[in-house]
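Counting in the numbering used here, the sequence shown runs from 212 upward without gaps. Beta carbons: idealized from backbone N, C-alpha and C, even for Gly. All values derive from a computational prediction rather than experimental measurement. Accompanying notes for the structure given below.
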Amino acid sequence: MAGLDVVDAVQMLFERGRAGHVHSVAKLISLVDGDGDGCREAVRIAQTGTRPYVVGITGAPGAGKSTLTRGLVKKLREAHDKIAILAVDPSSPVTGGALLGDRLRFQELNDDDHVFARSLASRGRIGGLAALVPDAVRVLGAVGFDLVVVETVGIGQVECDVAGLADTRVLVAAPGWGDHVQAAKAGVLEVVDVIVVNKEDLGGADRLAADLEEMLGLRRGEPGGWRVPVVRATADKELGIDGVVAAVQAHRRWIEQSGRTGRDRGRRWFDVEDRLQHSVEEFSRRLRASETYRRLQAAYAEGALDSQQAVSGLLDEYREIVLDGRGPSQRTGGAGRK
Ligand SMILES: Nc1nc2c(ncn2[C@@H]2O[C@H](COP(=O)(O)OP(=O)(O)O)[C@@H](O)[C@H]2O)c(=O)[nH]1
Ligand SMILES: [Mg+2]
């Protein structure tokens, strides 16, 4: 029942977005963070666009990711016409302080028409951020952004998803990072392409860089493999940014020459499984919250149904919920927040 008006409206947003209208791009990103007709149409059109090059910036909270991102984007603007920044913070599902801070930090860049910055915190989407980020990136590609920088906090599920999505993955570390070194050993270093030791001004950078070099040592045996560089920066004074840009560009050239694009890395069946799992969980949650569920439970307790009948009734309801989930307006009532 995808109303023609919805289709027209979404197409209009893409046209305006391509013409450089920032609010239309923001509207499209909000649309894909939903699950109605507008979302499906936006995702469909986005798939037809060119996928942008994605640089992922990850690391512990406070390491300086946003500060570095700002410096990086300013520099990269010399080589790229349009750049987008997505700040992803799974720890702040609605509007956490970190996101607010990032918004302020990126404001200066927002004055540049060719830089689009946006914080992502999935509110409505089945599958959550893991499903939202790749679609948001596609939307940006479809309106002409050829480079997207994705900043993610912390070390966890969402970060790993974003790691799969990014073509070049940058880890930002800062002195005093000790607590996170264990976590890094557990796998972050496996999926990183460039390491930035930030806050060089604070001291302790030599030690941290040496520790990281040592941990990387093992990975560097691979012949013909990418040699993960450790570069230094003082992001808040915009020092060392050139080195970071050079490392990112060198990695881009390397993956393009070796044919190991993030596009391929990103196309892992695992990602599909992951989304499937999120969706199934969400549908199950809705099933358990339904009136039918309670009714069948009561009937079963009274002995009016056997377990097979109860399951059959539940599956019917589940089917309805799945169909409804694909329909236009199942999110009525505004009870989106649990
Ligand atoms: N001393 C110092 N502080 C920095 C540097 N880079 C960023 N900061 C500060 O560290 C704090 C956290 O930075 P932010 O970019 O928000 O970190 P994020 O949480 O990783 O995005 C802010 O107060 C920054 O001003 C740096 O190179 N040196
Ligand atoms: Mg940040």
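When the Cα of P272 is compared with those of R506, E502, A298, which residue comes out closest?
-> Within the sequence shown, numbered from 1, the residue matching residue 272 stands at position 61. The option with the nearest alpha carbon to P272 is A298.
Taking all protein chains shown into account, decide if E226 is buried (16 or more other Cβ within 10 angstroms of its Cβ) or exposed.
-> To locate residue 226, count along the sequence shown from 1; it is residue 15. E226 should be labelled exposed.
Look up V305 in the DSSP assignment and say whether it is helix, strand or coil.
-> Mapped onto the sequence shown, residue 305 falls at position 94. Unreliable positioning characterises V305 in this predicted model, as indicated by a pLDDT of 46, which lies under 50. The coordinate reading is nonetheless provided below. Note: V305 maps to coil in three-state DSSP.
The stretch 342 to 353 touching the stretch 251 to 265, judged by at least three CB pairs closer than 8 Å = Touching, yes.
Any heavy atom of ligand 2 closer than 7 Å to the Cβ of S501?
-> The residue labelled residue 501 in the question sits at position 290 within the sequence shown. No, since every heavy atom of ligand 2 falls outside the 7 Å radius drawn around the Cβ of S501.
What first and last residue would you give for the beta strand (DSSP E) that runs through V441?
-> Numbered from its first residue, the sequence shown carries residue 441 at position 230. Here the beta strand (DSSP E) through V441 covers 441 to 443.
Can you tell me the Cα-Cα spacing of D292 and V533, whole angstroms?
-> Against the sequence shown, residue 292 aligns to sequence position 81. Against the sequence shown, residue 533 aligns to sequence position 322. Their Cα atoms are separated by approximately 42 Å.
Nonlocal neighbours in the same chain, by C-beta distance under 7 Å from A377, ignoring five residues either side | In the sequence shown, the residue the question calls residue 377 occupies position 166. These residues qualify, in order along the chain: V265, V266, G267, V361, G473.
Where does A416 sit, in a helix, a strand or coil, going by DSSP?
-> Translated into the one-based positions of the sequence shown, residue 416 becomes position 205. Here A416 sits in helix by DSSP.
Determine the direct distance from the alpha carbon of L498 to that of D535, and round the result to whole angstroms.
-> Position 324 of the sequence shown, counting from 1, holds the residue named residue 535. Position 287 of the sequence shown, counting from 1, holds the residue named residue 498. Spanning the alpha carbons of D535 and L498 requires a straight line of approximately 12 Å.
Just confirm the distance between the C-beta atoms of V217 and D248, as a whole number of angstroms; I'd bet it's less than 8 Å.
-> In the sequence shown, the residue the question calls residue 217 occupies position 6. In the sequence shown, the residue the question calls residue 248 occupies position 37. Contact holds; Cβ gap of about 5 Å.
Starting from R229 and walking both ways along the alpha helix (DSSP H), at which residues does that stretch end?
-> For the purposes of this step, residue 229 is taken as residue 18 along the sequence shown, with counting starting at 1. Following the DSSP letters along the chain, one finds R229 inside the alpha helix (DSSP H) bounded by residues 215 to 229.
Just reading off the alpha helix (DSSP H) that T278 is part of, what are its end residues?
-> Start at 1 with the first residue of the sequence shown, and residue 278 comes out as number 67. Where T278 is concerned, the enclosing alpha helix (DSSP H) stretches over 276 to 287.
By Cβ distance, which residues of its chain are closer than 8 Å to K448, with the 5 residues on each side in sequence left out?
-> Residue 448 sits at position 237 when you count from the first residue of the sequence shown. Once the five neighbours on either side are set aside, the close Cβ partners of K448 are D412.
Of the listed residues R496, A446, G428, E252, nearest to T280 (C-alpha basis) | What you label residue 280 is simply residue 69 of the sequence shown in a count that begins at 1. Comparing Cα positions, the closest option is A446.
Mind checking whether the beta-carbon of G267 lies closer than 7 Å to any heavy atom of ligand 1?
-> Numbered from 1 along the sequence shown, position 56 holds the residue referred to as residue 267. No - ligand 1 has no heavy atom lying nearer than 7 Å to the Cβ of G267.
Near ligand 1: S277 beta-carbon under 7 Å from a heavy atom | Along the sequence shown, read from residue 1 onward, the residue named residue 277 stands at position 66. Checking the Cβ of S277 against ligand 1 gives yes.
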